[in-house]
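So for the sequence shown, the UniProt record's numbering puts the first residue at 1; every next one is plus one. To start, the structure itself, in C-alpha coordinates.
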Amino acid sequence: MVESSAGGELSRTEIAEAVSHDYSTSRTGSVPLDKRRSRYHFVALWITLAAGFTYLFLGFQYHDAGYSLGKALGAGALGGLAYVVYAVPAAYLGSSTGQTHALLARSILGRIGSALVSVLLIGVAAGWTAFAFNLLATLYDGLFSWGNVVPISVLLAVLGIANNLFGFTGIAAFARFVVAPVMVVWILFLVIKGWTEIPSTASSLPDEGALPFLAGIGVAIGSVMWGNEPDTWRYGKPRLAWPIPPMVLAVAVGLVLFVAGGWMMAELSGAGQYDFGPAFRYVVGYSLFGALWLGAVVATVLQVAINDGNYYEMVNAGQNLVGHARGWQRWHTCLVVAVIAALFAWWFPHLENGFFTVTGWSSIALPSATVVMCVDRFLLARLTKLERPVAPIPTWRQAATANWAGIVAVVVAVLFGAWGQGLLPGQESAPSAGLVPVEAWLIAGVIYAGLATAIARIPNATRLLGFARPLRGLEGDAPS
(Lines of atoms letter the chains of each structure in order from A; the text may use other names.)
(Lines give C-alpha, C1' and ligand atoms only; values in the text may rest on other atoms or scores of the structure.)
Protein backbone atom coordinates (compact mmCIF):
# COMPACT_ATOMS: atom_id res chain seq x y z
CA MET A 1 0.00 0.00 0.00
CA VAL A 2 1.02 3.63 -0.36
CA GLU A 3 2.42 5.07 2.87
CA SER A 4 1.76 8.30 4.66
CA SER A 5 4.19 10.22 6.83
CA ALA A 6 3.14 8.11 9.78
CA GLY A 7 4.06 4.94 7.94
CA GLY A 8 0.50 3.77 7.46
CA GLU A 9 -1.89 3.52 4.54
CA LEU A 10 -2.98 6.73 2.86
CA SER A 11 -6.63 7.47 3.59
CA ARG A 12 -9.22 7.88 0.88
CA THR A 13 -9.42 11.57 1.80
CA GLU A 14 -5.66 12.00 1.29
CA ILE A 15 -5.84 10.20 -2.06
CA ALA A 16 -8.74 12.40 -3.14
CA GLU A 17 -6.79 15.50 -2.14
CA ALA A 18 -3.75 14.36 -4.11
CA VAL A 19 -5.81 13.73 -7.22
CA SER A 20 -7.71 17.02 -6.96
CA HIS A 21 -4.85 19.48 -6.45
CA ASP A 22 -1.67 17.92 -5.01
CA TYR A 23 -0.41 21.31 -3.81
CA SER A 24 0.50 22.33 -7.34
CA THR A 25 -1.07 25.80 -7.65
CA SER A 26 -0.60 29.05 -5.77
CA ARG A 27 -4.08 28.56 -4.26
CA THR A 28 -3.21 25.28 -2.54
CA GLY A 29 0.28 26.31 -1.48
CA SER A 30 3.13 24.19 -0.15
CA VAL A 31 3.03 20.64 1.20
CA PRO A 32 2.50 20.94 4.98
CA LEU A 33 4.96 19.20 7.27
CA ASP A 34 2.25 16.87 8.55
CA LYS A 35 1.73 15.60 4.97
CA ARG A 36 5.36 14.53 4.53
CA ARG A 37 6.08 10.84 3.99
CA SER A 38 8.50 8.31 5.41
CA ARG A 39 11.91 7.46 3.99
CA TYR A 40 10.64 3.92 3.36
CA HIS A 41 8.05 5.39 0.99
CA PHE A 42 10.83 7.01 -1.02
CA VAL A 43 13.03 3.91 -0.99
CA ALA A 44 10.17 1.86 -2.46
CA LEU A 45 9.28 4.61 -4.94
CA TRP A 46 12.80 5.19 -6.25
CA ILE A 47 13.66 1.51 -6.54
CA THR A 48 10.48 1.12 -8.61
CA LEU A 49 11.57 4.00 -10.83
CA ALA A 50 15.05 2.47 -11.17
CA ALA A 51 13.85 -1.07 -11.91
CA GLY A 52 12.85 -0.10 -15.42
CA PHE A 53 13.57 -0.92 -19.01
CA THR A 54 15.27 2.42 -19.65
CA TYR A 55 18.35 1.13 -17.83
CA LEU A 56 18.22 -2.23 -19.57
CA PHE A 57 18.11 -0.32 -22.83
CA LEU A 58 21.06 1.81 -21.67
CA GLY A 59 23.13 -1.32 -21.01
CA PHE A 60 22.07 -2.67 -24.40
CA GLN A 61 23.27 0.56 -26.04
CA TYR A 62 26.58 0.41 -24.20
CA HIS A 63 27.12 -3.09 -25.61
CA ASP A 64 26.18 -1.88 -29.07
CA ALA A 65 28.77 0.90 -28.73
CA GLY A 66 31.47 -1.67 -27.99
CA TYR A 67 31.71 -1.27 -24.22
CA SER A 68 32.95 -4.20 -22.18
CA LEU A 69 30.83 -5.09 -19.16
CA GLY A 70 33.26 -3.35 -16.82
CA LYS A 71 33.28 -0.20 -18.92
CA ALA A 72 29.48 -0.19 -19.08
CA LEU A 73 29.22 -0.53 -15.31
CA GLY A 74 31.81 2.20 -14.82
CA ALA A 75 29.93 4.63 -17.06
CA GLY A 76 26.64 3.86 -15.33
CA ALA A 77 28.04 4.16 -11.80
CA LEU A 78 29.86 7.44 -12.50
CA GLY A 79 26.74 8.85 -14.13
CA GLY A 80 24.77 7.84 -11.05
CA LEU A 81 27.32 9.49 -8.76
CA ALA A 82 27.11 12.75 -10.73
CA TYR A 83 23.33 12.60 -10.49
CA VAL A 84 23.34 12.15 -6.70
CA VAL A 85 25.69 15.12 -6.26
CA TYR A 86 23.24 17.25 -8.24
CA ALA A 87 20.06 15.73 -6.82
CA VAL A 88 20.75 16.14 -3.09
CA PRO A 89 20.55 19.97 -3.07
CA ALA A 90 17.79 19.82 -5.71
CA ALA A 91 15.73 17.59 -3.43
CA TYR A 92 16.40 19.88 -0.48
CA LEU A 93 15.10 22.77 -2.57
CA GLY A 94 11.76 20.97 -2.63
CA SER A 95 11.68 19.61 0.92
CA SER A 96 12.71 22.91 2.51
CA THR A 97 9.94 24.83 0.73
CA GLY A 98 7.28 22.19 0.07
CA GLN A 99 6.77 23.60 -3.43
CA THR A 100 6.87 22.16 -6.93
CA HIS A 101 9.65 22.97 -9.35
CA ALA A 102 7.36 25.15 -11.45
CA LEU A 103 5.98 27.15 -8.50
CA LEU A 104 9.49 27.79 -7.18
CA ALA A 105 10.43 29.01 -10.64
CA ARG A 106 7.59 31.54 -10.46
CA SER A 107 9.01 33.05 -7.26
CA ILE A 108 12.66 32.85 -8.29
CA LEU A 109 12.66 33.29 -12.08
CA GLY A 110 9.49 35.37 -12.48
CA ARG A 111 6.62 34.88 -14.89
CA ILE A 112 8.75 34.49 -18.02
CA GLY A 113 11.23 32.18 -16.31
CA SER A 114 8.47 30.08 -14.76
CA ALA A 115 6.74 29.71 -18.12
CA LEU A 116 10.06 28.71 -19.72
CA VAL A 117 10.72 26.10 -17.02
CA SER A 118 7.17 24.74 -17.33
CA VAL A 119 7.58 24.31 -21.09
CA LEU A 120 10.90 22.52 -20.53
CA LEU A 121 9.25 20.28 -17.92
CA ILE A 122 6.47 19.31 -20.30
CA GLY A 123 8.76 18.82 -23.29
CA VAL A 124 11.37 16.66 -21.54
CA ALA A 125 8.79 14.53 -19.72
CA ALA A 126 6.78 14.06 -22.93
CA GLY A 127 9.95 12.93 -24.68
CA TRP A 128 10.55 10.30 -22.01
CA THR A 129 6.92 9.18 -22.19
CA ALA A 130 7.21 8.79 -25.96
CA PHE A 131 10.41 6.77 -25.61
CA ALA A 132 8.98 4.55 -22.87
CA PHE A 133 5.78 3.63 -24.70
CA ASN A 134 7.54 3.16 -28.02
CA LEU A 135 9.89 0.82 -26.18
CA LEU A 136 6.96 -1.03 -24.61
CA ALA A 137 5.29 -1.41 -28.02
CA THR A 138 8.62 -2.70 -29.35
CA LEU A 139 8.73 -5.27 -26.54
CA TYR A 140 5.22 -6.42 -27.43
CA ASP A 141 6.35 -6.83 -31.02
CA GLY A 142 9.41 -8.77 -29.90
CA LEU A 143 7.35 -11.07 -27.70
CA PHE A 144 4.29 -11.60 -29.89
CA SER A 145 5.19 -10.18 -33.35
CA TRP A 146 2.27 -7.76 -33.19
CA GLY A 147 3.87 -5.02 -35.30
CA ASN A 148 2.00 -1.67 -35.36
CA VAL A 149 4.53 -0.17 -32.96
CA VAL A 150 3.50 3.45 -33.54
CA PRO A 151 -0.32 3.03 -33.15
CA ILE A 152 0.17 0.89 -30.05
CA SER A 153 2.59 3.40 -28.51
CA VAL A 154 0.13 6.26 -29.15
CA LEU A 155 -2.69 4.27 -27.54
CA LEU A 156 -0.49 3.47 -24.54
CA ALA A 157 0.41 7.15 -24.19
CA VAL A 158 -3.28 8.06 -23.97
CA LEU A 159 -4.14 5.26 -21.53
CA GLY A 160 -1.06 5.97 -19.42
CA ILE A 161 -2.59 9.09 -17.89
CA ALA A 162 -5.16 6.95 -16.04
CA ASN A 163 -3.26 6.75 -12.74
CA ASN A 164 -2.82 10.52 -12.59
CA LEU A 165 -6.40 11.11 -13.70
CA PHE A 166 -8.24 8.61 -11.49
CA GLY A 167 -5.75 7.91 -8.71
CA PHE A 168 -5.34 4.18 -9.27
CA THR A 169 -3.09 3.79 -6.23
CA GLY A 170 -3.64 0.02 -6.22
CA ILE A 171 -1.87 -0.33 -9.57
CA ALA A 172 1.01 1.84 -8.37
CA ALA A 173 1.25 -0.19 -5.17
CA PHE A 174 1.24 -3.44 -7.19
CA ALA A 175 4.14 -2.11 -9.26
CA ARG A 176 6.03 -0.92 -6.20
CA PHE A 177 5.69 -3.90 -3.91
CA VAL A 178 5.25 -6.84 -6.30
CA VAL A 179 6.45 -6.20 -9.85
CA ALA A 180 9.54 -4.11 -9.09
CA PRO A 181 10.95 -6.68 -6.60
CA VAL A 182 10.21 -9.47 -9.11
CA MET A 183 12.01 -7.47 -11.80
CA VAL A 184 15.04 -6.89 -9.57
CA VAL A 185 15.28 -10.58 -8.69
CA TRP A 186 14.84 -11.56 -12.34
CA ILE A 187 17.60 -9.26 -13.59
CA LEU A 188 19.89 -10.35 -10.74
CA PHE A 189 19.31 -13.96 -11.80
CA LEU A 190 19.95 -13.03 -15.45
CA VAL A 191 23.24 -11.32 -14.58
CA ILE A 192 24.46 -14.18 -12.38
CA LYS A 193 23.49 -16.85 -14.91
CA GLY A 194 24.97 -14.87 -17.78
CA TRP A 195 28.17 -14.23 -15.82
CA THR A 196 28.71 -17.96 -15.39
CA GLU A 197 28.15 -18.72 -19.08
CA ILE A 198 29.84 -15.81 -20.85
CA PRO A 199 33.63 -16.13 -21.25
CA SER A 200 35.56 -13.73 -19.04
CA THR A 201 37.15 -12.20 -22.12
CA ALA A 202 33.81 -11.50 -23.77
CA SER A 203 33.25 -7.97 -24.97
CA SER A 204 31.67 -6.59 -28.08
CA LEU A 205 33.95 -4.05 -29.73
CA PRO A 206 32.49 -3.20 -33.14
CA ASP A 207 33.10 0.53 -32.82
CA GLU A 208 34.46 1.85 -29.52
CA GLY A 209 34.59 5.35 -30.98
CA ALA A 210 30.82 5.42 -31.46
CA LEU A 211 30.28 6.55 -27.85
CA PRO A 212 33.32 8.00 -26.02
CA PHE A 213 33.46 7.15 -22.33
CA LEU A 214 32.63 10.66 -21.09
CA ALA A 215 29.70 10.79 -23.50
CA GLY A 216 28.60 7.42 -22.13
CA ILE A 217 28.61 8.86 -18.61
CA GLY A 218 26.54 11.76 -19.92
CA VAL A 219 23.98 9.34 -21.36
CA ALA A 220 23.76 7.64 -17.95
CA ILE A 221 23.15 11.03 -16.32
CA GLY A 222 20.40 11.81 -18.81
CA SER A 223 18.82 8.37 -18.27
CA VAL A 224 18.49 8.81 -14.50
CA MET A 225 17.76 12.56 -14.56
CA TRP A 226 14.33 13.89 -13.70
CA GLY A 227 15.25 17.54 -13.30
CA ASN A 228 12.14 18.35 -11.28
CA GLU A 229 13.36 16.73 -8.05
CA PRO A 230 11.48 19.30 -5.91
CA ASP A 231 8.18 17.86 -7.18
CA THR A 232 8.86 14.51 -5.52
CA TRP A 233 11.01 15.46 -2.55
CA ARG A 234 8.71 18.24 -1.31
CA TYR A 235 6.97 15.32 0.41
CA GLY A 236 10.21 14.41 2.20
CA LYS A 237 11.75 15.57 5.44
CA PRO A 238 13.44 19.00 5.13
CA ARG A 239 16.98 17.81 5.82
CA LEU A 240 19.82 18.03 3.29
CA ALA A 241 21.19 14.48 3.58
CA TRP A 242 17.82 12.80 4.17
CA PRO A 243 17.25 11.61 0.54
CA ILE A 244 20.73 10.11 0.04
CA PRO A 245 19.88 6.47 0.95
CA PRO A 246 16.92 6.19 -1.49
CA MET A 247 18.97 7.85 -4.24
CA VAL A 248 22.00 5.60 -3.75
CA LEU A 249 19.85 2.45 -3.73
CA ALA A 250 18.10 3.60 -6.91
CA VAL A 251 21.44 4.21 -8.65
CA ALA A 252 22.72 0.80 -7.55
CA VAL A 253 19.62 -0.90 -8.98
CA GLY A 254 19.22 1.09 -12.18
CA LEU A 255 22.68 2.18 -13.26
CA VAL A 256 24.61 -0.86 -12.04
CA LEU A 257 22.41 -3.97 -11.86
CA PHE A 258 20.06 -3.12 -14.75
CA VAL A 259 22.84 -1.76 -16.94
CA ALA A 260 24.58 -5.09 -16.41
CA GLY A 261 21.31 -6.84 -17.30
CA GLY A 262 20.93 -4.87 -20.52
CA TRP A 263 24.54 -5.61 -21.48
CA MET A 264 23.89 -9.32 -20.81
CA MET A 265 20.75 -9.17 -22.98
CA ALA A 266 22.83 -7.94 -25.90
CA GLU A 267 25.71 -10.35 -25.32
CA LEU A 268 23.58 -13.46 -24.82
CA SER A 269 21.18 -12.79 -27.69
CA GLY A 270 23.82 -11.62 -30.15
CA ALA A 271 23.90 -7.84 -30.56
CA GLY A 272 24.58 -8.07 -34.26
CA GLN A 273 21.49 -10.20 -34.87
CA TYR A 274 18.77 -8.79 -32.66
CA ASP A 275 17.16 -5.49 -31.85
CA PHE A 276 15.95 -4.80 -28.31
CA GLY A 277 12.51 -6.38 -28.77
CA PRO A 278 13.74 -9.77 -30.06
CA ALA A 279 16.57 -9.66 -27.53
CA PHE A 280 13.98 -9.28 -24.76
CA ARG A 281 12.11 -12.31 -26.07
CA TYR A 282 15.35 -14.28 -26.05
CA VAL A 283 16.07 -13.28 -22.46
CA VAL A 284 12.54 -14.18 -21.34
CA GLY A 285 13.19 -17.64 -22.72
CA TYR A 286 16.68 -17.72 -21.25
CA SER A 287 15.97 -16.60 -17.70
CA LEU A 288 12.17 -16.42 -17.24
CA PHE A 289 11.41 -19.98 -18.36
CA GLY A 290 9.85 -18.83 -21.62
CA ALA A 291 6.83 -17.25 -19.91
CA LEU A 292 6.14 -14.60 -22.57
CA TRP A 293 2.91 -13.48 -20.92
CA LEU A 294 4.76 -12.87 -17.64
CA GLY A 295 7.41 -10.85 -19.46
CA ALA A 296 4.65 -8.74 -21.02
CA VAL A 297 2.91 -8.17 -17.67
CA VAL A 298 6.13 -7.17 -15.93
CA ALA A 299 7.07 -4.80 -18.76
CA THR A 300 3.62 -3.22 -18.92
CA VAL A 301 3.16 -2.61 -15.20
CA LEU A 302 6.65 -1.19 -14.76
CA GLN A 303 6.49 1.10 -17.79
CA VAL A 304 3.09 2.43 -16.72
CA ALA A 305 4.26 2.97 -13.13
CA ILE A 306 7.46 4.72 -14.19
CA ASN A 307 5.58 6.95 -16.60
CA ASP A 308 3.32 8.05 -13.77
CA GLY A 309 6.34 10.15 -12.80
CA ASN A 310 6.60 11.68 -16.28
CA TYR A 311 2.89 12.48 -16.36
CA TYR A 312 3.11 13.87 -12.84
CA GLU A 313 5.90 16.17 -14.00
CA MET A 314 3.87 17.37 -16.98
CA VAL A 315 0.68 17.84 -14.96
CA ASN A 316 2.42 19.91 -12.27
CA ALA A 317 3.99 22.10 -14.95
CA GLY A 318 0.62 22.48 -16.67
CA GLN A 319 -1.04 23.36 -13.38
CA ASN A 320 1.52 26.10 -12.89
CA LEU A 321 0.58 27.56 -16.28
CA VAL A 322 -3.21 27.23 -16.23
CA GLY A 323 -4.26 25.85 -12.84
CA HIS A 324 -5.16 29.32 -11.58
CA ALA A 325 -7.79 29.86 -14.29
CA ARG A 326 -11.37 30.12 -13.08
CA GLY A 327 -13.11 26.75 -13.21
CA TRP A 328 -9.96 24.88 -14.28
CA GLN A 329 -9.35 21.60 -12.47
CA ARG A 330 -6.42 19.20 -12.33
CA TRP A 331 -8.19 16.58 -14.43
CA HIS A 332 -8.47 19.10 -17.28
CA THR A 333 -4.67 19.37 -17.27
CA CYS A 334 -4.42 15.57 -17.24
CA LEU A 335 -6.44 15.35 -20.46
CA VAL A 336 -4.31 17.99 -22.19
CA VAL A 337 -1.16 16.16 -21.08
CA ALA A 338 -2.49 12.90 -22.55
CA VAL A 339 -2.90 14.57 -25.94
CA ILE A 340 0.63 16.00 -25.79
CA ALA A 341 2.06 12.60 -24.83
CA ALA A 342 0.22 10.94 -27.73
CA LEU A 343 1.62 13.46 -30.22
CA PHE A 344 5.16 12.91 -28.94
CA ALA A 345 4.70 9.14 -29.09
CA TRP A 346 3.56 9.41 -32.72
CA TRP A 347 6.54 11.60 -33.67
CA PHE A 348 9.22 9.72 -31.71
CA PRO A 349 10.01 7.06 -34.38
CA HIS A 350 10.76 9.89 -36.82
CA LEU A 351 13.47 11.20 -34.52
CA GLU A 352 16.99 10.07 -35.38
CA ASN A 353 18.81 8.59 -32.37
CA GLY A 354 15.72 9.28 -30.27
CA PHE A 355 17.04 7.73 -27.05
CA PHE A 356 20.26 9.76 -27.14
CA THR A 357 18.35 12.93 -28.03
CA VAL A 358 16.01 12.52 -25.06
CA THR A 359 18.82 11.69 -22.62
CA GLY A 360 20.85 14.63 -23.95
CA TRP A 361 18.15 17.24 -23.39
CA SER A 362 17.15 15.60 -20.11
CA SER A 363 20.67 15.93 -18.74
CA ILE A 364 20.91 19.70 -19.31
CA ALA A 365 17.57 21.50 -19.67
CA LEU A 366 15.84 21.18 -16.32
CA PRO A 367 18.96 20.59 -14.19
CA SER A 368 20.41 23.92 -15.35
CA ALA A 369 17.27 25.71 -14.18
CA THR A 370 17.32 23.77 -10.90
CA VAL A 371 20.96 24.71 -10.25
CA VAL A 372 20.12 28.38 -10.76
CA MET A 373 17.25 28.08 -8.28
CA CYS A 374 19.50 26.31 -5.76
CA VAL A 375 22.08 29.09 -6.05
CA ASP A 376 19.33 31.67 -5.57
CA ARG A 377 17.79 29.90 -2.60
CA PHE A 378 20.92 28.83 -0.73
CA LEU A 379 23.67 31.26 -1.80
CA LEU A 380 22.02 34.50 -2.92
CA ALA A 381 21.78 35.94 0.60
CA ARG A 382 25.48 35.26 1.22
CA LEU A 383 26.55 36.67 -2.14
CA THR A 384 24.34 39.75 -2.29
CA LYS A 385 22.93 40.28 1.23
CA LEU A 386 19.44 39.92 -0.23
CA GLU A 387 16.77 37.44 0.80
CA ARG A 388 14.16 36.31 -1.70
CA PRO A 389 10.78 35.28 -0.28
CA VAL A 390 9.19 32.17 -1.80
CA ALA A 391 6.18 32.11 0.51
CA PRO A 392 3.43 32.96 0.14
CA ILE A 393 3.50 31.73 -3.44
CA PRO A 394 2.84 34.69 -5.76
CA THR A 395 0.05 34.51 -8.27
CA TRP A 396 0.94 35.11 -11.90
CA ARG A 397 -0.11 38.74 -11.48
CA GLN A 398 1.92 39.22 -8.30
CA ALA A 399 5.09 37.58 -9.60
CA ALA A 400 7.90 39.64 -11.10
CA THR A 401 8.17 39.79 -14.86
CA ALA A 402 11.49 37.96 -15.01
CA ASN A 403 14.74 37.21 -13.23
CA TRP A 404 16.80 38.11 -16.27
CA ALA A 405 20.08 37.06 -14.70
CA GLY A 406 18.67 33.60 -14.00
CA ILE A 407 17.13 33.26 -17.44
CA VAL A 408 20.40 34.26 -19.13
CA ALA A 409 22.29 31.71 -17.04
CA VAL A 410 19.86 28.92 -17.94
CA VAL A 411 19.80 29.76 -21.66
CA VAL A 412 23.60 29.96 -21.93
CA ALA A 413 24.03 26.68 -20.04
CA VAL A 414 21.44 24.86 -22.14
CA LEU A 415 22.91 26.16 -25.40
CA PHE A 416 26.37 25.02 -24.32
CA GLY A 417 25.03 21.63 -23.29
CA ALA A 418 23.14 21.22 -26.56
CA TRP A 419 26.24 22.17 -28.58
CA GLY A 420 28.48 19.92 -26.50
CA GLN A 421 26.20 16.93 -27.10
CA GLY A 422 25.51 17.61 -30.77
CA LEU A 423 21.83 18.42 -30.24
CA LEU A 424 21.59 21.71 -32.12
CA PRO A 425 19.73 21.71 -35.47
CA GLY A 426 22.12 21.13 -38.35
CA GLN A 427 24.94 20.00 -36.05
CA GLU A 428 26.48 16.88 -37.58
CA SER A 429 28.65 15.76 -34.68
CA ALA A 430 29.44 16.57 -31.07
CA PRO A 431 32.79 18.12 -30.10
CA SER A 432 35.09 16.58 -27.52
CA ALA A 433 33.96 18.90 -24.74
CA GLY A 434 34.34 16.72 -21.65
CA LEU A 435 31.52 15.72 -19.32
CA VAL A 436 29.07 18.15 -20.88
CA PRO A 437 26.04 17.84 -18.56
CA VAL A 438 28.06 18.57 -15.43
CA GLU A 439 29.82 21.42 -17.20
CA ALA A 440 26.45 22.88 -18.20
CA TRP A 441 25.25 22.80 -14.58
CA LEU A 442 28.42 24.54 -13.42
CA ILE A 443 28.07 27.17 -16.14
CA ALA A 444 24.48 27.87 -15.05
CA GLY A 445 25.45 28.25 -11.41
CA VAL A 446 28.60 30.31 -11.96
CA ILE A 447 27.00 32.70 -14.46
CA TYR A 448 24.01 33.30 -12.22
CA ALA A 449 26.15 33.81 -9.11
CA GLY A 450 28.35 36.30 -11.01
CA LEU A 451 25.47 38.22 -12.57
CA ALA A 452 23.49 38.32 -9.33
CA THR A 453 26.48 39.64 -7.41
CA ALA A 454 27.14 42.33 -10.02
CA ILE A 455 23.51 43.41 -10.33
CA ALA A 456 23.04 43.63 -6.56
CA ARG A 457 25.71 46.33 -6.47
CA ILE A 458 23.82 48.52 -8.94
CA PRO A 459 21.32 50.89 -7.31
CA ASN A 460 17.67 50.28 -8.21
CA ALA A 461 18.57 47.27 -10.39
CA THR A 462 17.24 44.37 -8.32
CA ARG A 463 14.21 44.00 -10.59
CA LEU A 464 16.66 42.38 -13.02
CA LEU A 465 16.91 39.62 -10.41
CA GLY A 466 13.14 39.18 -10.36
CA PHE A 467 12.39 41.00 -7.12
CA ALA A 468 8.87 42.39 -7.38
CA ARG A 469 8.17 42.74 -3.68
CA PRO A 470 9.97 44.63 -0.88
CA LEU A 471 13.36 43.12 -0.09
CA ARG A 472 14.93 42.40 3.25
CA GLY A 473 18.62 43.18 3.50
CA LEU A 474 20.58 41.05 5.93
CA GLU A 475 22.33 44.10 7.34
CA GLY A 476 19.28 46.32 7.65
CA ASP A 477 19.47 47.84 4.18
CA ALA A 478 16.49 47.45 1.84
CA PRO A 479 17.63 47.79 -1.75
CA SER A 480 14.95 48.79 -4.21
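Virtual Cβ for every residue (Gly too), placed ideally from N, Cα, C.
Per-residue DSSP class, three states only, for residue i
i: N403; result: strand
i: E387; result: strand
i: G466; result: coil
i: L424; result: coil
i: T54; result: helix
i: Q319; result: helix
i: G434; result: coil
i: I198; result: coil
i: Y67; result: coil
i: A325; result: coil
i: residue 481; result: Here the chain has residues from 1 to 480 only, and residue 481 is not among them.
i: A418; result: helix
i: Y235; result: coil
i: S153; result: helix
i: M314; result: helix
i: R106; result: helix
i: E352; result: coil
i: A241; result: coil
i: D141; result: helix
i: A456; result: helix
i: V408; result: helix
i: residue 481; result: With the chain running from 1 to 480 in the structure shown, residue 481 is simply not present.
i: L288; result: coil
i: residue 542; result: Examination of residue 542 is not possible in this model, given that the chain is present from 1 through 480 alone.
i: Q99; result: coil
i: D275; result: coil
Buried/exposed call for residue i, threshold 16 Cβ in 10 Å
i: Q273; result: Here Q273 scores only 49 on pLDDT, less than 50, and its place in the model is too uncertain to base an answer on.
i: T370; result: buried
i: L33; result: exposed
i: F131; result: buried
i: G318; result: buried
i: P460; result: Here residue 460 turns out to be Asn, not Pro, going by the sequence shown. So N460 counts as exposed.
i: P243; result: buried
i: I161; result: buried
i: T395; result: exposed
i: Q427; result: exposed
i: V390; result: buried
i: W293; result: exposed
i: I221; result: buried
i: S429; result: exposed
i: S432; result: exposed
i: G295; result: buried
i: T196; result: exposed
Notebook entry, point to check: Given 8 Å as the limit, is there contact between the region 382–397 and the region 450–466, that is, 3 or more CB pairs closer than that?
Noted result: yes
Check: Do three or more CB pairs link the region 95–112 to the region 396–411 at distances below 8 Å?
Finding: yes
Margin query: Check whether the region 42–61 and the region 132–140 are in contact - that is, three or more C-beta pairs closer than 8 Å.
Written below: yes
Next item on the list: Taking 8 Å as the threshold, find out whether the region 339–354 comes into contact with the region 69–80 through three or more Cβ pairs.
Entry: With the cut-off at 8 Å, the region 339–354 and the region 69–80 do not touch.
Margin query: Using a Cβ distance threshold of 8 Å, determine whether the region 140–154 contacts the region 248–256, with at least three qualifying pairs required.
Written below: Three or more Cβ pairs closer than 8 Å define a contact, and the region 140–154 falls short of that threshold against the region 248–256.
Check: Can at least three beta-carbon pairs, one atom from the region 327–337 and one from the region 407–414, be found at a separation below 8 Å?
Finding: no
Checklist line | Cβ contact check for the region 341–352 and the region 88–95: 3 or more pairs under 8 Å | finding: No contact exists between the region 341–352 and the region 88–95.
Check: Are the region 77–86 and the region 214–223 touching, with three or more C-beta to C-beta distances below 8 Å?
Finding: yes
Notebook entry, point to check: Does the pairing of the region 115–122 with the region 299–311 give three or more beta-carbon distances under 8 Å?
Noted result: no
Next item on the list: Determine, using beta-carbon pairs with one atom in the region 431–441 and one in the region 360–369, whether at least three such pairs fall under 8 Å.
Entry: yes
Check: Given 8 Å as the limit, is there contact between the region 188–195 and the region 260–280, that is, 3 or more CB pairs closer than that?
Finding: With a cut-off of 8 Å, the region 260–280 and the region 188–195 count as touching, because enough Cβ pairs lie within range.
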